[in-house]
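*Asks:* Numbering (our numbering), first residue to last: 2 to 656.
Here it is as structure tokens:
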């Protein structure tokens, strides 16, 4: 059978400064998808690179007393160093300064010009140097760039224009008939609404700087940096010569995926597909626009200066831990508030406590009860466990195929959690004391299978960890393939080897101190409220109750939305707290820490509809940032969450 092909790309990154953790998220997502598809038997091509042209690069290089290419050469080395340390296994790293790219961009521009879809005119408008983008007066945000917020310049120059307006209806029809072209759904709706307002012709050349690719027939004009940059996706496959890579991974491929941040999705879902339409080239299958990593109250950005250096995190916690955190925490299309406390908690809870500890305990028991030999069992398995393993594999693959990596990882940990629960329920130490070695063999074999299957599914994300698990279990690598991703595949005995913990638990004292402060402040606040209430009660008979009333304007400041609980878990070291993942919109999932653990078990809350205070300022509880609050009613001895009467969709506004 002929293999299917999968082509995945990241944006090519702009080397005006060092890369930050937001860029690392996109590239890690692409790498994990590439590894997953390879595991599933696909031929895969994974592309990343650097976008090195434009006025901003020319300016930065001049400030440093360097030629643009000298400057970008140095920055590109740092890009490649970061990707190496993050275990990013790309097939090609393209630079827009390479000759192959110059030739491709000029040929593509010429082809569209010859078709009559590029013409010469004059442009006057507002230009953002930082974003390398023109805007109309109506698109500006209080006179500033709507994307980065910086000041814009009024520019008037001769320019070549691309007839984007000609293709608006054709693009809209394509999006409507190809529902997976723009993902997630919220981005699709946003882009369709933008197109429906009408597309203007696009200025695709500049005369105010020299650092770029000149138009062949008019070398005084430099091709617009976005026309240049977007073309990289076909340059790398040798579109120009209709090469074998282009034939396999674009022309005859059913899965072409561009992963981008939501801030550049407009370029990838409007400008790029129209360029392809004009050049009679097929469109990509999917453009997936993920949300932003937020820090310091806003988008993580080099220009704002609120970035997190991934190299420091790799040095501190390891690449596998960082890869897992980014892909587990980032909820698809929604934004995520990054904090190092959340990173440490995710490592400790998932990787150290659940996954790593399950391996350590299992190996110790095999070593103690079976002299280090994994018992081979062919029947007597727990039927519910076998069913769960099949369900988890199916769920994992469905989510990964839809680029829902966070949900895919959550699926795996249902199986890991079942393994830890099995140890407590079956009590292997008691089975050993009672001499029930047959049942003990089944339990330990099942634990090994849980670890083995989980490790296979985690391998696209935890790229170093799999080899460590194989070494400690002593199991041959052939049992860690997708072909063996089913329960009961181990058919011969292997000898385990005790090793160091996969993920040592991280103890950070200053994190613990930071956790205490909000709780102390909370107690002070409660005491203050009690004093206020007492004072109010003492004087209730002597004053108007109007002092306790709020205006409709005060109430209107609060935003409430219907949410659905997707996931719930206890917060380690806190008897009263549960950490919830709550869906509050079509593609928005928030982390909410709620003090309801004394009244609800975590599993009771799954799929429960709740009311979320939506615009509450984020607060840190036990090192976890909570983005909202649940409404509840508290009686003398009980507490009940408020919900809605009927089946309203997530994100419905409560008023």
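Glycine included, each C-beta is placed from N, C-alpha and C at the ideal position.
Using the Cβ count rule (16 or more neighbours within 10 Å means buried), how would you classify residue 4?
*Replies:* So residue 4 counts as exposed.
*Asks:* In terms of alpha-carbon separation, which member of 344, 295, 291, 334 lies closest to residue 315?
*Replies:* When only C-alpha atoms are compared, the closest one is 344.
*Asks:* What would DSSP say about residue 656, mapped onto helix, strand or coil?
*Replies:* Reduced to three states, the DSSP call for residue 656 is coil.
*Asks:* With a threshold of 8 Å, are at least 3 pairs of Cβ atoms found where one atom belongs to the region 79-99 and the other to the region 24-35?
*Replies:* Yes, the region 79-99 touches the region 24-35.
*Asks:* Look at residue 336 and residue 293 and say whether their C-beta atoms are less than 8 Å apart.
*Replies:* Closer than 8 Å, so yes.
*Asks:* To the nearest angstrom, how far is it from the Cα of residue 1 to the Cα of residue 153?
*Replies:* Shown here, the chain extends from 2 to 656; a query on residue 1 therefore has no answer.
*Asks:* Taking the continuous beta strand (DSSP E) assigned at residue 155, which residues delimit it?
*Replies:* Taken as a continuous stretch (DSSP letters only), the beta strand (DSSP E) holding residue 155 covers 154-163.
*Asks:* I believe residue 577 touches residue 599 by the beta-carbon criterion, under 8 Å. Please report the beta-carbon distance rounded to the nearest angstrom.
*Replies:* Confirmed, Cβ separation roughly 6 Å.
*Asks:* With DSSP as the reference, please indicate the residues paired to residue 8 in a beta bridge.
*Replies:* Answer is 46, 257, bridged to residue 8.
*Asks:* Return the residue from the list 451, 440, 428 that minimises the CA-CA distance to residue 359.
*Replies:* Closest by alpha carbon: 451.
*Asks:* Got a sec? Which residues, its chain only, sit under 7 Å from residue 70 by beta carbon, not counting five neighbours each side?
*Replies:* Taken in chain order, the residues that qualify are 98.
*Asks:* For residue 507 and residue 491, which I take to be in contact (beta-carbon distance under 8 Å), what is that distance rounded to the nearest angstrom?
*Replies:* Not a contact, Cβ separation roughly 32 Å.
*Asks:* Are the Cβ atoms of residue 12 and residue 51 separated by less than 8 Å?
*Replies:* No, these two residues do not count as a Cβ contact at 8 Å.
*Asks:* State yes or no: is the C-beta of residue 102 within less than 8 Å of the C-beta of residue 209?
*Replies:* Contact flag unset, no.
*Asks:* Is residue 631 near residue 612, with beta carbons less than 8 Å apart?
*Replies:* Contact: yes.
*Asks:* Considering only residues of the same chain and omitting the five flanking positions on each side of residue 204, which have a CB-CB separation below 7 Å?
*Replies:* Closer than 7 Å at Cβ, skipping near neighbours: 124, 135, 160, 162, 225.
*Asks:* Let me know if residue 218 comes out buried or exposed under the rule of 16 or more other beta-carbons within 10 Å of its beta-carbon.
*Replies:* Residue 218 should be labelled exposed.
*Asks:* Per DSSP, residue 145 forms a beta bridge with which residues?
*Replies:* Answer is 142, 152.
*Asks:* CB residue 48 to CB residue 10, shorter than 8 Å?
*Replies:* Yes; because the gap between Cβ atoms is below 8 Å, this pair is in contact.
*Asks:* Would DSSP call residue 403 helix, strand or coil?
*Replies:* Here residue 403 sits in coil by DSSP.
*Asks:* Between residue 281 and residue 111, what straight-line distance do the alpha-carbon atoms span, to the nearest angstrom?
*Replies:* The alpha-carbon atoms of residue 281 and residue 111 are separated by roughly 13 Å.
*Asks:* Taking the straight line between their C-alpha atoms, what separation do you get for residue 118 and residue 616?
*Replies:* So the alpha carbons of these two residues sit roughly 46 Å apart.
*Asks:* Give a yes or no on whether the C-beta atoms belonging to residue 187 and residue 587 are separated by under 8 Å.
*Replies:* Their beta carbons are under 8 Å apart, which means residue 187 touches residue 587 by this criterion.
*Asks:* Tell me whether the beta-carbon of residue 412 lies closer than 8 Å to the beta-carbon of residue 390.
*Replies:* No, these two residues do not count as a Cβ contact at 8 Å.
*Asks:* Could you give the distance in angstroms between the alpha-carbon of residue 291 and the alpha-carbon of residue 648?
*Replies:* Cα to Cα, residue 291 sits roughly 28 Å from residue 648.
*Asks:* I'd like to know if the region 418-433 and the region 486-506 are in contact, where contact means that at least 3 CB-CB pairs between them fall below 8 Å.
*Replies:* Contact between the region 418-433 and the region 486-506 is absent, because fewer than three Cβ pairs lie under 8 Å.
*Asks:* Exposed or buried, which one is residue 120 when buried takes at least 16 other CB atoms within 10 Å?
*Replies:* Answer is exposed; the Cβ neighbour count stays below 16.
*Asks:* What does residue 132 pair with, by DSSP beta-bridge criteria?
*Replies:* Answer is none; residue 132 lacks a bridge partner.
*Asks:* On the criterion of 16 or more Cβ atoms from any shown chain inside 10 Å, does residue 269 qualify as buried, or is it exposed?
*Replies:* Residue 269 is buried by the Cβ-count criterion.
*Asks:* Can you pull the DSSP bridge partners for residue 13?
*Replies:* 50.
*Asks:* Within a Cβ cutoff of 7 Å, which residues of the same chain sit near residue 362, ignoring the five residues on either side of it in sequence?
*Replies:* 424.
*Asks:* By the DSSP assignment, the alpha helix (DSSP H) with residue 63 in it spans what residues?
*Replies:* It spans 56-64 - the alpha helix (DSSP H) in which residue 63 sits, taken as one unbroken run.
*Asks:* Could you tell me the distance, in whole angstroms, from the CA atom of residue 573 to the CA atom of residue 350?
*Replies:* Taking the straight line from one Cα to the other gives about 8 Å.
*Asks:* May I have the straight-line CA-CA distance separating residue 95 from residue 44, to the nearest angstrom?
*Replies:* Their Cα atoms are separated by approximately 20 Å.
*Asks:* Should residue 559 be labelled buried (16 or more other beta-carbon atoms within 10 Å of its own) or exposed?
*Replies:* Answer is exposed; the Cβ neighbour count stays below 16.
*Asks:* Keeping to the same chain, check which residues put their C-beta closer than 7 Å to that of residue 355; ignore five residues upstream and five downstream.
*Replies:* Same-chain partners within the cutoff: 414, 417, 418, 421.
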